[in-house]
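Following: one structure in C-alpha cells, then a few remarks.
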Amino acid sequence: MNVSDPLNRLIGLQRGHLFAWVPVCLGVGISLYFSLRWEPGLTVFLITGVVCVVSLCGVRWLPETAGPFAVALALVAAGFLLAGQRAHLVAAPVLEFRYYGPIEGRVVAVDRSQSEKLRVTLDRVVLLRVSPGRTPARVRVSMHGDQVFTNPLPGQTVAVTGHLTAPSGPVEPRGFDFQRMAWFDRIGAVGYARTPLVLIAHAERGEPLAALNRFRLRLSAAVQGALPGQVGAFAAAVTTGDRSGLSGPTLEAMRASNLAHLLAISGLHVGLLTGFIFTTLRAGIALAPRVALRVHSKKWAAAFALLASAAYLALSGGNVSTQRAFIMAAVMLVAVLLDRRALTLRSVALAAVIVLVWQPESLFSPGFQMSFAATTALVWVFGVMRTAAWRPPRWAKGLVGLTVSSAIAGLATAPFAAAHFNQGANYGLIANLVSVPVMGALVIPAAVLAAVLAPLGLAQIGLWAMGLGIAWILQVAETVAGLDHAVRYIPQPDPIVMPVFISGALLVMLWQGRLKWAGLVPLVAAFAFWSGSERPTLLVADNAALAGVMTEDGRALSRARGHGFIAKSWLENDGGDRDRDAASRRAAQFATADDAPLSFRVGQRRVSVFFSADLETVEAACRRTPVIVTNRDTDAPLLGPCVILGPTEMARTGGMAIRLDNTDVRVSTVRGVHGFRLWNHSTTRATPMSHLPIAAVPKGSLLGSKRLEKTLPSGQSTNAVALGGNNQARKHLDAVTDPLDEVTALEKRVEHALGRPRTMPEQLVSRTQYERINPTNLP
1 MNVSDPLNRL IGLQRGHLFA WVPVCLGVGI SLYFSLRWEP GLTVFLITGV
51 VCVVSLCGVR WLPETAGPFA VALALVAAGF LLAGQRAHLV AAPVLEFRYY
101 GPIEGRVVAV DRSQSEKLRV TLDRVVLLRV SPGRTPARVR VSMHGDQVFT
151 NPLPGQTVAV TGHLTAPSGP VEPRGFDFQR MAWFDRIGAV GYARTPLVLI
201 AHAERGEPLA ALNRFRLRLS AAVQGALPGQ VGAFAAAVTT GDRSGLSGPT
251 LEAMRASNLA HLLAISGLHV GLLTGFIFTT LRAGIALAPR VALRVHSKKW
301 AAAFALLASA AYLALSGGNV STQRAFIMAA VMLVAVLLDR RALTLRSVAL
351 AAVIVLVWQP ESLFSPGFQM SFAATTALVW VFGVMRTAAW RPPRWAKGLV
401 GLTVSSAIAG LATAPFAAAH FNQGANYGLI ANLVSVPVMG ALVIPAAVLA
451 AVLAPLGLAQ IGLWAMGLGI AWILQVAETV AGLDHAVRYI PQPDPIVMPV
501 FISGALLVML WQGRLKWAGL VPLVAAFAFW SGSERPTLLV ADNAALAGVM
551 TEDGRALSRA RGHGFIAKSW LENDGGDRDR DAASRRAAQF ATADDAPLSF
601 RVGQRRVSVF FSADLETVEA ACRRTPVIVT NRDTDAPLLG PCVILGPTEM
651 ARTGGMAIRL DNTDVRVSTV RGVHGFRLWN HSTTRATPMS HLPIAAVPKG
701 SLLGSKRLEK TLPSGQSTNA VALGGNNQAR KHLDAVTDPL DEVTALEKRV
751 EHALGRPRTM PEQLVSRTQY ERINPTNLP
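When you number the sequence shown by this note's numbering, it's gap-free, plus one each residue, and the end is 779.
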C-alpha cells in the first residue's frame, strides 16, 4: 500500500475548505513575532520574507499533497512580517522620565477611567522643555478635579498641569501588557491632573472627524437627557459608544450577570441592526408588488443595511470592536450582493484575515478572540444542524434558534472571558436568554425608529420604547447579580492552556473528515491543565514596594494601601477573594519579632519584606535571610551573603514571580518572560524625529507665553520636573551588551538563594559585587 494514498485522501477532503485556515496560519506567525524576547532586526525580517516568497513560488513544483503545507508556511511568515511592520509603523516617542508640568494638546477622545474619573486623550502634544522628538504622539490624562472651566470636546485644544509617566508594564510575568497596548494606540505617556482643564482654542473648522465626535457626544447628552438615570446612560452607550454615564454598580451588575457585552458596540449590535434593516426593507419592498417586480429586493436591502452599518460605525466612535464587527457584517452583506451564501466559515475567515492584516495586534485582544469564537461556533453549529435528520417544529424554530444561539455563543466565549477577566457568571445563560431577545426585538428597532423620526422631532417615541427594553435588561442584570454565587472567580490559566484549547476547537470546527473529532483530546487536556494551574507562591512588584505570598486562605499582601492596581490585578489573577483589606490582614501572621516587618516562607527558606527600612535594619536581616525585598535602594556595603531585591533590581527585571515545583524553586520575571521589545525598552525602540533639534513652541500655544505661570500653583517653577524613578536602572540597561543575560542572572541568584542551604561565610559584600557573583557560588 502506498503511504501517500491516505495522505492524498486526507488532503483531498480539505479541498474547498482550506481558506478557513488562512487566518489561523497568519495568527501563528503573529504569535511568533510577539512571543520573542528580543526585537528582531532587519536580517530576521529579510530571511522571513525570503521564506515567504520561496514557499509561495515553490508550490507549483511541489507534489499536490505538499502544496497546502508550503502555502501555510508562507502565511506564517507573512503573519510574522505583518506584525513586525505594524509595530514599526506605529512607532512614536515614549516618555522616558516622570514629568510634572503643563500639558497641552488637542482632545481626540473623552471617556471614563475604571475609577469613574473623566479621562481625556490628547494628540499634538506639547510639553514644556521637551523636544518634539521626545514628546509622545498621544497622552492620556485622568482628571481628578472638578472641571469648572470647560467640558472637553474632541477637537478642542486644552491645557492642564499634571503628572505624566510612561505606560506601565505587566504587574507579573505573563500578565496583561498595557505597555504593548499603549504602543499600538500610540499613547506614549499616561498620568493624572488635579487642576481643571483650560480651553486654549476651539476646534478648527474643516476637521470632519472632530466634528463627528462632537456630534456624537452631543447626541449622547441628548439621549441621556431624554431618558432618566442609568436607562439613558445605557441608551447612550449602545447608540453612540459613550459609556461615561454608566455607574460603577451598573457595570458590576452587568458583568456579574454576563450581560456586559450588551454595552460594548460589537458584533451583536451591528448584527442586530443590519439584520433588522435588511429584513424590514426586504419585507417593505415585497409589500409593493410593482416595485418588487422591478428591483432585486434582497440586494437592495443588503446595500441599505451596509450603509446603515457604516453610519453606525461612524456614530459609535469607530472603536476597534465596532470596526471589527463592521468588517464582519460588510463581508457577509457583500456576499449577498454577489449572490454568495453569507453565513459561511469562508466569510468569517475572510473577515478575520482583513482584521489581522489591518491590525495584527488585535489577535490578543479579548474582543477579537470572543467575537470570532462566537461567530465561528455559531456558523459551525447551525451548519451541522442544517444537515441533521431532526428538525424542530415550525412553531418552535424561533425558540430553538434563540436558545441554541445563546448557549453556543456563551459556551464559545466563556473560556476566553475567564482567561482575560478571571471570572464567570453562573447564571449568565439565563440572563442572556431573557435579555438578548429584548435587545434584538425592542431596543435596536426602537433605536432605528428614533433615528428615522428624529428629523420630524418625534424621536421621543422611539426613545420611549427603547427605554422600556433597557429598563428590563437592567432589572434582569440587577436580579441575577444579586443571586447567591452569581459570580465564580477563576485563576489565571498556565500559558499552555489557551493555545491547546484553541487548537482543539479549530480542529473540530475547521477540519473535514473523522479526524476532526481528535480535536476533543486537546480540548479535554486544556481544561485538565487549567484545573491544575497553580499561582506563584510569592509575587514582588516592579518597584519592590509590594509583595504578596499565597496562603491557604488566599494571597497575603505586605501593605494595606498603595499600588492598588497591582494588588487588584494579583488578587484577580489568583481567582479568589478580591478584598484588599482582607488580603493585607492575612499578612499579620508573617510579622516577626525582629526588625523585619514581614517574613514570608518560600519552601524551606524565608524572604524578608521591608518598607522604608534603614541600612542597619536591612544589614541585620541580611545575615539571617537569603532574600530581602526593600523599597529603598541601599548602595552602601552590606554585611551578609543575601540577595537584595530593591527598586533598582526590580526596575531592571520587572515584577517577579517565585513558584515552588515540589522542592525546586522557579523564579520568573516580567523582563525574562516578555523580553526587551519596542514597547518596553528604550534602546530597541524606534524614535521618530529624534534627529530634529528642539523646535519652537507652536504659534499660539499656551506654553509659549507668560500666561503659563499664572496657571501654575503659587511658587511652582515652570520647568518640567524629572522626578527620577528608574533612570539609574535604565542607564544600566543601556550600558550592558545583553540585558536578558542580566535578568537571567538575577533570576538564578534568587533561585539558588532560596533553594540551597546557606554555606557561604559572612563577608563584606557591596551591591555591585553581589551583581557580579557567579550564581553557582551563592547560597
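All C-beta atoms, glycine included, are put in the ideal place defined by N, C-alpha and C.
Would you check if the distance between the CB atom of residue 655 and the CB atom of residue 172 is smaller than 7 Å? Taking the first residue of the sequence shown as 1, we reach residue 655 at position 655. Taking the first residue of the sequence shown as 1, we reach residue 172 at position 172. Contact flag set, yes.
Looking at the structure shown, is residue 369 part of a helix, part of a strand, or coil, going by DSSP? By one-based count along the sequence shown, residue 369 stands at place 369. Reduced to three states, the DSSP call for residue 369 is helix.
Less than 7 Å between the C-beta atoms of residue 373 and residue 416, yes or no? Position 373 of the sequence shown, counted from the first residue, corresponds to residue 373. Position 416 of the sequence shown, counted from the first residue, corresponds to residue 416. For residue 373 and residue 416, yes; Cβs fall inside 7 Å.
Classify residue 408 as helix, strand or coil using the three-state DSSP reduction. On the sequence shown, residue 408 is found 408 positions in, with the first residue counted as 1. Helix at residue 408.
Proximity winner among 164, 364, 621 and 345, relative to residue 378 (alpha-carbon distances): As a working mapping, residue 378 is identified with position 378 in the sequence shown. Out of 164, 364, 621 and 345, 345 has the C-alpha closest to the C-alpha of residue 378.
Which whole-angstrom value is the C-beta distance of residue 493 and residue 530, which I expect to be below 8 Å? The residue labelled residue 493 in the question sits at position 493 within the sequence shown. The residue labelled residue 530 in the question sits at position 530 within the sequence shown. Right, the Cβ-Cβ distance comes to about 5 Å (below 8 Å), so this counts as a contact.
In terms of residue numbering, what span does the beta strand (DSSP E) encompassing residue 102 cover? Residue numbering aside, residue 102 sits at position 102 when the sequence shown is read from its first letter. Taken as a continuous stretch (DSSP letters only), the beta strand (DSSP E) holding residue 102 covers 99 to 112.
With the cut-off set at 7 Å, would you say residue 477 and residue 254 are in Cβ contact? Along the sequence shown, one-based indexing puts residue 477 at 477. Along the sequence shown, one-based indexing puts residue 254 at 254. In this structure, residue 254 lies closer than 7 Å to residue 477 by Cβ.
Quick one: what does DSSP say residue 634 is sitting in, helix, strand or coil? The residue labelled residue 634 in the question sits at position 634 within the sequence shown. Reduced to three states, the DSSP call for residue 634 is coil.
In chain order, what are the residue ranges of uninterrupted alpha helix (DSSP H) at least 4 long that sit wholly in the region 565 to 600? If only uninterrupted alpha helix (DSSP H) runs of at least 4 residues are considered, those enclosed by the region 565 to 600 are 580 to 586.
Classify residue 347: buried if its beta carbon has 16 or more other beta carbons within 10 angstroms, exposed otherwise. Position 347 of the sequence shown, counted from the start, is the residue given in the question as residue 347. With 16 or more other Cβ atoms within 10 Å, it is buried.
Confirm the yes/no value for this check: CB of residue 551, any heavy atom of the ligand ZN, distance under 6 Å. What this structure holds is no ligand at all, so the ligand ZN is not there to describe.
DSSP puts residue 164 in a beta bridge; with which residues? The residue labelled residue 164 in the question sits at position 164 within the sequence shown. For residue 164, which the question treats as bridged, DSSP gives the partners 99 and 191.
For residue 644, is the classification buried or exposed, using 16 other Cβ atoms within 10 angstroms of its Cβ as the cut-off for buried? Taking the sequence shown and counting its residues from 1, one reaches residue 644 at position 644. Its Cβ being crowded by 16 or more others within 10 Å, residue 644 is buried.
Could you say if the region 260 to 276 and the region 315 to 335 meet the contact criterion of at least three C-beta pairs nearer than 8 Å? Enough Cβ pairs lie closer than 8 Å, so yes.
Alpha helix (DSSP H) runs contained entirely in the region 198 to 229, provided each spans 4 or more residues: 208 to 226
List, from N- to C-terminal side, the beta strand (DSSP E) runs of 3 residues or more that fit wholly inside the region 240 to 270. The DSSP assignment places no complete run of the beta strand (DSSP E) inside the region 240 to 270 (cut-off: 3 residues).
When the Cα atoms are used, what is the spatial distance from residue 511 to residue 392? In the sequence shown, counting from the first residue as 1, residue 511 sits at position 511. In the sequence shown, counting from the first residue as 1, residue 392 sits at position 392. Going from the Cα of residue 511 to the Cα of residue 392 covers about 27 Å.
Tell me whether residue 33 sits in a helix, a strand or coil according to DSSP, three-state version. Numbered from its first residue, the sequence shown carries residue 33 at position 33. Correct three-state label for residue 33: helix.
Apart from the five residues just before and just after residue 55, which ones in its own chain have a Cβ nearer than 6 Å to its Cβ? On the sequence shown, residue 55 is found 55 positions in, with the first residue counted as 1. Same-chain partners within the cutoff: 70, 73 and 74.
Give the DSSP-derived three-state secondary structure of residue 48 in the structure shown. The residue labelled residue 48 in the question sits at position 48 within the sequence shown. Residue 48 falls in the helix class under three-state DSSP.
On the CB-based measure, 16 or more other CB atoms within 10 Å of its CB, does residue 380 come out buried or exposed? Counted from its first residue, the sequence shown places residue 380 at position 380. Residue 380 is buried by the Cβ-count criterion.
Using the C-alpha atoms, what's the distance from residue 195 back to residue 125? Indexing the sequence shown from 1 puts residue 125 at position 125. Indexing the sequence shown from 1 puts residue 195 at position 195. Approximately 18 Å, taken between the alpha carbons.
Within the same chain, show all residues whose beta-carbon is closer than 7 Å to that of residue 581, passing over the 5 residues directly before and after it, in chain order. Position 581 of the sequence shown, counting from 1, holds the residue named residue 581. 560, listed in sequence order.
Measuring only the C-alpha atoms, how far is residue 467 from residue 249? As a working mapping, residue 467 is identified with position 467 in the sequence shown. As a working mapping, residue 249 is identified with position 249 in the sequence shown. When rounded, the distance between both Cα atoms is 19 Å.
What residues are listed by DSSP as bridge partners for residue 610? Position 610 of the sequence shown, counted from the start, is the residue given in the question as residue 610. The partner list for residue 610 (beta bridge, DSSP) reads 630.
Ordered list of beta strand (DSSP E) runs contained in the region 519 to 558, each at least 3 residues: 538 to 540, 547 to 551 and 554 to 557
Could you check where the alpha helix (DSSP H) with residue 617 kicks off and where it finishes? Taking the first residue of the sequence shown as position 1, residue 617 is located at position 617. Per DSSP, residue 617 belongs to the alpha helix (DSSP H) from 615 to 622.
Identified DSSP bridge partners for residue 658: Looking up residue 658 in the sequence shown gives position 658. DSSP lists 538 and 667 as partners of residue 658.
When the Cβ atoms of the region 227 to 234 are set against those of the region 444 to 459, are three or more pairs found closer than 8 Å? With the cut-off at 8 Å, the region 227 to 234 and the region 444 to 459 do not touch.
Using 8 Å as the cut-off, can you tell me whether the region 487 to 501 makes contact with the region 518 to 529, which would need three or more C-beta pairs spanning the two stretches below that distance? Look at the beta carbons and you see the region 487 to 501 touching the region 518 to 529: at least three pairs across the two are nearer than 8 Å.
Which one of 40, 38, 202 and 357 has the shortest CA to CA distance from residue 22? Position 22 of the sequence shown, counted from the start, is the residue given in the question as residue 22. The shortest Cα separation from residue 22 among 40, 38, 202 and 357 belongs to 357.
Between residue 152 and residue 110, which are expected to be in contact by the criterion C-beta below 8 Å, what is the C-beta distance as a whole number of angstroms? Locating residue 152 in the sequence shown gives position 152, where the first residue counts as 1. Locating residue 110 in the sequence shown gives position 110, where the first residue counts as 1. Confirmed, about 6 Å.
Can the beta-carbon of residue 573 be found less than 7 Å from the beta-carbon of residue 490? Here residue 573 is taken as the residue at index 573 of the sequence shown, counted from 1. Here residue 490 is taken as the residue at index 490 of the sequence shown, counted from 1. No, the Cβ-Cβ distance between residue 573 and residue 490 is not below 7 Å.
Contact belief for residue 632 with residue 612 at Cβ below 8 Å, rounded distance in angstroms: Your numbering for residue 632 matches position 632 in the sequence shown. Your numbering for residue 612 matches position 612 in the sequence shown. That belief holds up - the Cβ atoms of residue 632 and residue 612 are roughly 6 Å apart, short of 8 Å.
Is it the case that the region 123 to 138 contacts the region 99 to 108, given that we only count it when at least three CB pairs across the two stretches are under 8 Å? yes
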